[in-house]
Amino acid sequence: MANPAYDLIVIGSGPGGYVCAIRAAQLGMKVAVVEKDKTFGGTCLNVGCIPSKALLHASERYEETGQLFDKMGIKVGKPKLDLAAMMKFKDEGVDGNVKGVAFLLKKNKIDTFQGTGRIAAPGKVEVTSAGGKNETLEAKAIVIATGSDVARLPGIDIDETRIVSSTGALVLDKVPERLLVVGAGVIGLELGSVWRRLGSQVIVVEFLDRILPGIDNEVCRQFQRILERQGIKFKLSSKVTAVDANGKTLKASVEPAAGGAAETIEADVVLVSIGRVPFTEGLGLEGVGVRTDNKGRVMVDERFATNVPGVYAIGDVIAGPMLAHKAEDEGVAVAEIIAGQAGHVNYDVIPNVVYTFPEIASVGKSEDELKAAGVAFNVGKFPFTANGRAKINHQTDGFVKILADAKTDRVLGVHIVGADAGNMIAEAAVAMEFGAASEDIARTCHAHPTLTEAVKEAALAVAKRSINM
Ligand code: FAD
Ligand code: NAI
């Protein structure tokens, strides 16, 4: 290519793509972003993190108003739900965020193209607009940031009205009386919580014998009990094999995971939340020979390079946790690598948060992972029942657990279940990024009275010297 118009073309404007584009522009590159949807921001901003957190926030306030306000001496009567207004509140939040991305792209002088991008050849991206108009862009490098899509269950058609994915579950126009959730993963528990708080009877059918696979077992056991107390029912080691949508109510056939007699569970809405799959449709990967793995993920090396020179990939479309902040960090790293710098992502320190009430937050290794790797470790635990701030807030469910190397005391994992765990985990991530020992956290002054004192106390507990227990 003699002199391409762009240094970099990014396909997809989710947290991976738009962050990559901005970092590349900061580094002096001439950048284009191709996005097939009407708005920027990808899954996260349009139908993922942002709208789900808006509904979680609003429904949590709704429940708090009904349950905790009275106890605090605030008499407001029984709260009344205006679902349409709550949806508007959510939509305004989404709108503000997607417009924010459009503003940032413009501010960084990034050219944007609306249409589906197809890699016609290394360095060439053909953009087809919704109206069928074609144009070809040229660049020295291409970053694939096309994200992921809903995983489907064979034989169960998602109509996004009664049988919904997360996308449909974010826009229901009335509270379903009975909601059946397939999959006790992050989406099932977050959106299951939203609709339970708003009045649905929620039952979650999970294939495995536990909820939230991948998250520390002890955390999940306690968390499941808390969710059950809140009214969510669980059917573990079970699978939904069919949903009959012919009648007024949906009839789901539920079988033991290992096979056996089916039972029928009736529901008004079924939420299918069994994971997400990489999205590469229409990208033309086969044509240019970009390799994918057995799960359809674009294969990259440690520099995010595919096997085709000049073509890179990041975010949900490659291996690793499907998280917005993981995609963002990869976006920054790949832009720096393309610019000749040493971009890098530390996969050992990627926080994971479930935004239910209480929240679950973790970073680093779980006990099971350390045991499997044969690493000797000490455990420090501190319950929120012994934290002053949690007590005055009447929010004492949960605990902080710190896992530290038995020999060096280096922090290897931190797991929190409790109110505001998602904000508290940042301290653990910074400590781990700096290779902190549990004693470093224990000797760091934490403001009183805050929930973060439970993190300090858990660090003290590693050496069996917590003060408030
Ligand atoms: P995406 O955000 O999926 O963006 C990809 C973009 O590429 C899309 O805009 C798509 O239209 C575009 N695209 C695809 N193909 C083409 C093409 N050929 N041409 C042009 N454009 C194309 N993660 C968190 O960290 N925290 C959360 O709280 C959280 N909540 C979530 C809640 C829900 C309901 C869901 C579904 C997901 C949630 N996630 C959350 C996951 C998060 O949304 C993803 O990890 C993140 O969006 C991945 O970013 P990405 O840039 O890789 O891809
Ligand atoms: P998930 O992978 O978190 O959970 C899917 C669950 O479904 C698992 O527990 C799995 O065992 C179960 N399952 C699979 N097949 C099943 C079947 N046939 N019957 C019953 N259960 C079955 O996937 P989820 O919840 O759909 O979320 C997708 C991704 O989106 C997550 O991996 C996560 O990375 C991301 N996300 C992140 C959020 C956050 O960070 N707070 C919020 C929402 C989504």
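Taking my numbering, the leading residue of the sequence shown gets 1, the next gets one more, and so forth.
All C-beta atoms in this analysis are idealised placements derived from N, C-alpha and C, irrespective of residue type, glycine included.
In the DSSP assignment, K371 falls within the unbroken alpha helix (DSSP H) covering 367-372. Apart from the 5 residues on each side of it in sequence, K235 sits with its Cβ closer than 6 Å to the Cβ of V205 in its chain, given in chain order. If you compare the alpha carbons of F382, L81, D70, Y355 with that of A454, the shortest gap goes to F382.
Under the three-state reduction of DSSP output, Q341 falls in the coil class, being neither helix nor strand. Here L56 carries a helix assignment [DSSP, helix/strand/coil].
Here DSSP, grouped into helix, strand and coil, assigns Y312 to strand. Counted as a single uninterrupted DSSP element, the stretch harbouring Y18 is not any beta strand (DSSP E) but the alpha helix (DSSP H) occupying residues 15-26.
Judged by DSSP in its simplified three-state form, I441 adopts helix.
In this structure L27 does not touch A436 by the C-beta definition: roughly 31 Å separates them, more than the 8 Å allowed. Positions of the alpha helix (DSSP H) runs, each at least 4 residues long and wholly inside the segment 68-156, are given as 83-107 in order along the chain. Here V379 carries a strand assignment [DSSP, helix/strand/coil]. Bounds of the beta strand (DSSP E) holding V354 are 352-354. Boundaries of the alpha helix (DSSP H) around G168: 166-169. Taken atom to atom, the span from the alpha-carbon of I187 to that of A386 is near 31 Å. In the three-state scheme derived from DSSP, where H, G and I count as helix and E and B as strand, Q222 is classed as helix.
The beta carbon of F357 is closer than 6 Å to those of E60 in its chain, skipping five residues each way along the sequence. Within its own chain, the residues whose Cβ lies closer than 6 Å to the Cβ of M29, once the five positions on either side in sequence are excluded, are D7, L8, listed in chain order. Using a cutoff of 7 Å, the CB of I158 does not count as near the ligand NAI, since none of the ligand's heavy atoms is closer than that. Within a 10 Å sphere around the beta-carbon of V202 sit 16 or more other beta-carbons, which makes this residue buried. By the neighbour-count criterion, in which 16 or more other beta carbons inside 10 Å mark a residue as buried, Q67 falls on the exposed side.
For T241, the uninterrupted beta strand (DSSP E) run begins and ends at 238-244, by DSSP. Residue burial annotation: P51 is buried, with at least 16 other C-beta atoms found within 10 angstroms of its C-beta.
A Cβ-Cβ contact shorter than 8 Å links G418 with L451.
Put simply, of E286, P256, E302, L180 the residue whose alpha carbon is nearest the alpha carbon of L250 is L180. Judged by beta-carbon spacing, V363 lies beyond the 8 Å limit of I402, meaning their Cβ atoms are not closer than that value. With a cutoff of 7 Å, K239 counts as near the ligand NAI, since its C-beta is closer than that to a heavy atom of the ligand. The Cβ atoms of I142 and I318 lie no closer than 8 Å to each other. When rounded, the separation of the alpha-carbon atoms in I337 and G147 is 20 Å. Close CB contacts of K233 within its chain, under the 6 Å cut and outside five residues either way in sequence, are with I203 (chain order). Distances from the CA of E439 to each of D405, N423, G284, D409 were compared; the closest alpha carbon is that of D409. DSSP places K38 outside any beta strand (DSSP E), giving it a letter other than H or E. Shortest Cα-Cα distance from D216 to any of K407, K371, V47 involves K371. Sequence-distant Cβ neighbours of E63 in its own chain, meaning closer than 6 Å and more than five residues away, are R197. The C-alpha of A442 lies about 21 Å from the C-alpha of T396. Boundaries of the beta strand (DSSP E) around L8: 6-11. In the displayed model, I425 falls within a helix according to three-state DSSP.
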